[in-house]
Amino acid sequence: MQDYPTPTAARPWREMAFETGIALVAGRDFQPGERLGGFEGRISRVMGQHTLQILTGLHVDLRHSVGLLAHGCAPNCVLDMQALELLAIRPIRAGDLLTVDYSQTEDRLFRQFACHCGAAECRRWIAGRREPISAEGRTYLARLASSRDEAEVTT
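For the sequence shown, our numbering assigns the number 608 to the initial residue and increments by one for each residue that follows.
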């Protein structure tokens with residue numbers, strides 16, 4: 608296996624710098640169900656910021672490809688971790704930010720974080736699918752709820 612992952616097909620995405628880091632944007636339009644591409648990488652028991660869980664305790668290092676996908680609570684893509692493919696689940700236009708829901712692929716995240724994806728169904732704090740929200744997350748969510756309550760009282 609090689610040290611760094613490479614796409615298994617021509618890249619249908621490109622990297623773009625955002626104020627929060629580098630993420631992937633679509634290189635062309637995609638329809639729901641369409642395959643954006645395959646991927647491969649170095650498999651390890653070490654979890655990192657740009658690794659994805661393929662099995663319990665096993666991660667694939669994807670820091671140079673789909674490991675740069677942004678999180679979204681209403682994602683436009685899904686990762687098939689058995690086939691190692693990225694699939695569109697909603698219409699995607701060229702230039703759109705490519706997003707997946709990190710909670711769908713990871714039992715535990717490298718680092719939990721506040722979400723500002725803007726989706727109506729945004730969960731506001733993102734944790735792995737099998738981990739409790741951290742103390743930092745509970746504090747953050749409580750502050751948000753308190754701010755919402757205060758705003759409702761003043762309007």
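Think of the CB as a built atom: it goes at the ideal place given N, C-alpha and C, for glycine as much as any other residue.
Contact between G648 and L669 is confirmed by a C-beta separation of about 5 Å, below the 8 Å threshold.
Burial is judged here by how many other beta carbons sit within 10 angstroms of a residue's own beta carbon; G702 has fewer than 16 and is exposed.
Taken in chain order, the whole alpha helix (DSSP H) runs of length 4 or more contained in the segment 641 to 727 are 709 to 712. Distance between I699 and C724, taken at the CA atoms: about 16 Å. Within the same chain, no residue comes within 6 Å of G628 by CB-CB distance, once the 5 residues on both sides are set aside.
Counting along the chain, G628 sits inside the beta strand (DSSP E) bounded by residues 628 to 633. When only Cα atoms are considered, D687 and E743 end up about 30 Å apart. Secondary structure note for R621: its beta strand (DSSP E) is the uninterrupted segment 620 to 625.
The bridge partners DSSP lists for I733 are F720. A direct Cα-Cα distance of roughly 15 Å separates G679 from L693.
Around the beta carbon of F625, fewer than 16 other beta carbons lie within 10 angstroms, which makes this residue exposed. Spanning the alpha carbons of A721 and Q660 requires a straight line of approximately 21 Å. From the listed residues A633, P682, V673, the smallest Cα separation to Q711 is found for P682.
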